[in-house]
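Heads up: the protein sequence lines correspond to chains A, B and C, in order. Each step along the first sequence adds one to the number in our numbering, with nothing skipped, and position 162 is 162. Each step along the second sequence adds one to the number in our numbering, with nothing skipped, and position 106 is 382. Each step along the third sequence adds one to the number in our numbering, with nothing skipped, and position 67 is 549. Below: the structure, in structure tokens.
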Amino acid sequence: MNVRRNLCAAVLASAFAGAVHAQESIGGAIERELETYRSMMKSDPWSNPGTLDVDRGESLWKTPAGPNNVSLEACDLGLGPGKVDGAFAALPRYFADAERVMDVEARVLWCMEKLQGFDHVKLLVRPHPGAGMPVKDLGAIATYVAYRSNGRSFAATFSHPKEKEMLALGEALFFHRSGPMDFACSTCHRDSGKRIRLQPLPVFSKPEEARRIVGEWPAYRVSAAHVMTMQHRIYDCFWQMRLPEVELGSDVSVALISYLVKQAEGGEINIPGMKR
Amino acid sequence: MEKRRITFVLLVCIARVDPSCAQEINDIDEAKIDAAMRAAFPKANVDWLSRLKADQTIAGCSQYKDTPPAAPTIAARERASIRYPPDGELMGDWKRGEQLAQSGYGLRFTDYPPTRGNGGNCYACHQLTKEELSYGTLGPSLAGYGKIRRSSEADTKAAYDKIYNSQATYPCSLMPRFGTNGVLTIEQIKDIVALLMSPESPVNRP
Amino acid sequence: MSAKSRIRLPDQATIGEVIEIKTLIAHPMETGTRRNSDGTLVPRLLLHTFETKFAGQEVFRAALHTGTAANPFISFFMKVPGPGEFEFTWIEDGGVKTTERHDLKVT
């Protein structure tokens with residue numbers, strides 16, 4: 001019998017017991033225990049509760065909803081109406097009908113409005129779940145769409161002029177410092193092997209690290225017991241950076257996602273990931 | 277020979293003393309970045325939008341990816357903004373300092389209306405006491421900080437300056453300018469200085 | 483509260499074969515010790531029991547408590563006695579039951 005339990009306290013307790021006085025040994029012991037915890041959480045991908053949101057997203061994609069009472073099955077994610085396989089791997093991209101570059105969540109939002117008749121203003125009021133609450137419908141659908149690209153590599157081309165512009169904006173924003181803490185993304189995601197408290201930080205300017213990490217999002221977050229999408233992850237970063245609430249699907253969010261995806265080019269998509 | 281030279285250049289660049297390392301981001305101009313930032317926060321009011329306004333120093337840091345060519349100018353400008361306690365006493369209460377080091381409260385959009393003062397969140401990036409294992413590594417370890425410096429007056433002032441405005445000594449430092457930016461009060465900075473420098477502080481006990 | 487679940491069974495099995503059954507269900511598993519931001523306790527709401535019958539016989543039972551994380555994953559092994567249907571039941575504090583039935587193809 002295999003019952004998943006809250007391992008964090010037990011793992012950290014053993015880190016306490018094993019701690020010695022030199023800083024390097026404490027650091028090393030902590031890292032080893034955290035790595036054990038992380039690999040145990042990932043050991044059986046089927047056990048990831050995020051797969052339940054993949055199921056929910058699939059149901060939402062196929063079920064008629066909204067004022068127009070239609071499903072999302074005619075939604076064009078970039079490869080033609082209704083074509084879901086591989087669509088996530090080619091995002092973000094420029095959409096002529098919207099006249100802008102969109103990531104998966106911005107595009108699903110578009111389809112929910114244009115096809116199903118939902119009011120996008122209402123959908124943007126509180127688009128992300130609080131701790132303990134499940135991911136919202138938009139996020140669940142995005143998780144399902146991303147899941148249908150599992151095993152593929154990130155392959156967005158950024159060939160359209162608007163896509164190039166979005167990418168350049170994303171890179172500039174990544175290094176753009178502001179707010180009362182003078183933070184940019186690069187403040188924390190700069191040097192390899194660094195962490196905030198006990199949370200390691202990937203360095204996205206290094207393609208090998210970006211390739212490992214970006215393909216894990218959307219991810220199930222154990223501490224919040226829900227799936228966190230990439231838009232939510234960026235929203236949460238801005239919260240920590242003491243900046244205002246970044247709007248889902250805004251150019252800033254799509255630009256940053258474009259930069260991350262470009263850095264992760266060739267990296268494998270394997271969602272839902274499993275995070276602390 | 278070639279390999280060693282490249283390594284040397286890289287090390288100097290990382291040390292951020294060589295102005296030839298300064299690289300500007302030319303692809304996108306500031307106006308476009310500002311416009312995108314303004315449009316990205318429709319829920320923000322005027323006070324919040326003012327956070328997006330970069331001062332001259334931080335605009336330069338962004339422009340040069342934190343390896344600025346005008347380092348001495350930045351240091352002088354930032355040093356001029358440091359304010360000291362009227363009575364000249366730079367050390368406060370280390371117990372309060374430890375609480376401030378542990379607390380990440382304040383200035384996030386969920387911290388309104390505020391129910392307490394801002395924290396310094398030092399443990400997010402630094403090791404301080406030996407007892408606290410949940411520490412970050414973005415900044416160097418501060419364990420034994422005062423002990424190493426024999427709690428000297430000069431080093432106490434240096435610690436105060438560093439917390440108030442890290443860019444006075446290290447232009448484009450990644451560390452927030454806690455005093456200048458109004459994150460921490462003078463009293464709070466004094467408490468953190470005590471945490472670092474006081475012989476009784478757990479940071480300095482064996 | 484009715485919840486969504488997932489069950490993983492092999493496509494088919496032979497009599498005497500030992501198979502692994504995996505189950506996953508969405509549930510907050512609220513311990514009753516967490517507090518809201520206003521300081522009030524979030525009331526306890528747990529799935530306290532998980533039981534499995536196969537061909538009418540109980541083959542597995544687990545008593546869950548506050549140590550089990552949200553969205554519980556439970557897997558176990560069974561030696562296949564013959565053909566039959568699995569009946570998985572999760573019971574929540576207050577008595578609400580969620581039941582899933584799955585046939586096992588036995589060759």
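Note that beta-carbon positions come from the ideal geometry of N, C-alpha and C, so glycine has one too. Everything numeric in this text was worked out from a predicted model, so none of it was measured.
Residue-chain proximity (B:T349, chain A), Cβ-Cβ < 9 Å: no
The stretch 175-185 of chain A contacting the stretch 324-333 of chain B, beta-carbon criterion three pairs below 8 Å: yes
Reduced DSSP category for B:D323 - H, G, I as helix; E, B as strand; rest coil: helix
Chain-order list of residues whose beta-carbon lies under 6 Å from that of C:D493 (same chain, five-residue window excluded): none
Close-in-space but distant-in-sequence residues of the same chain around B:M313 (CB under 7 Å, 5 per side omitted): L328
Sub-9 Å separation of A:I269 and A:G151 beta-carbons: yes
Bridge partners - C:H584, DSSP secondary structure assignment: C:F568
B:L472 versus B:Y411, B:S338, B:K423, B:E306, residue with shortest Cα-Cα distance: B:K423
C-beta contact flag for A:P64 and A:F118 at 9 Å: no
Touch test, the stretch 93-107 of chain A against the stretch 188-207 of chain A, Cβ-Cβ under 8 Å, three pairs minimum: no
Neighbourhood of A:P49 by C-beta distance below 7 Å, restricted to the same chain and skipping five residues each side: Y220
Chain C contact for A:L124 (CB, 9 Å cutoff): no
C:E533 - containing beta strand (DSSP E), residue span: 529-536
Close-in-space but distant-in-sequence residues of the same chain around C:A508 (CB under 8 Å, 5 per side omitted): A485, K486, S487, N553
Neighbour flag for A:Q23 against chain B, beta carbons, 9 Å: For A:Q23, the predicted model reports a pLDDT of 48, less than 50, meaning its position is unreliable; a value from the coordinates is still stated below. It does: the Cβ of A:Q23 has a partner Cβ on chain B nearer than 9 Å.
Cβ-based burial, C:T534 [other Cβ within 10 Å; buried from 16]: buried
Residues near A:C185 in its chain [Cβ-Cβ closer than 6 Å; skip 5 each side]: F174
Beta-carbon contacts of C:F559 that lie in its chain and below 6 Å, excluding the five residues immediately before and after: V500, E502
Endpoints, beta strand (DSSP E) assigned at C:S487: 487-490
Residue burial classification, C:L523 (beta-carbon count within 10 angstroms, cutoff 16): exposed
Extent of the continuous alpha helix (DSSP H) run through A:M230: 230-240
Euclidean distance between Cα positions of A:P272 and B:N321: 35 Å
Inter-residue CB distance, A:V252 and A:V261 (contact presumed, cutoff 8 Å): Incorrect: roughly 15 Å between the Cβ atoms, too far for contact.
Three CB pairs or more closer than 8 Å across the stretch 460-468 of chain B and the stretch 514-523 of chain C: no
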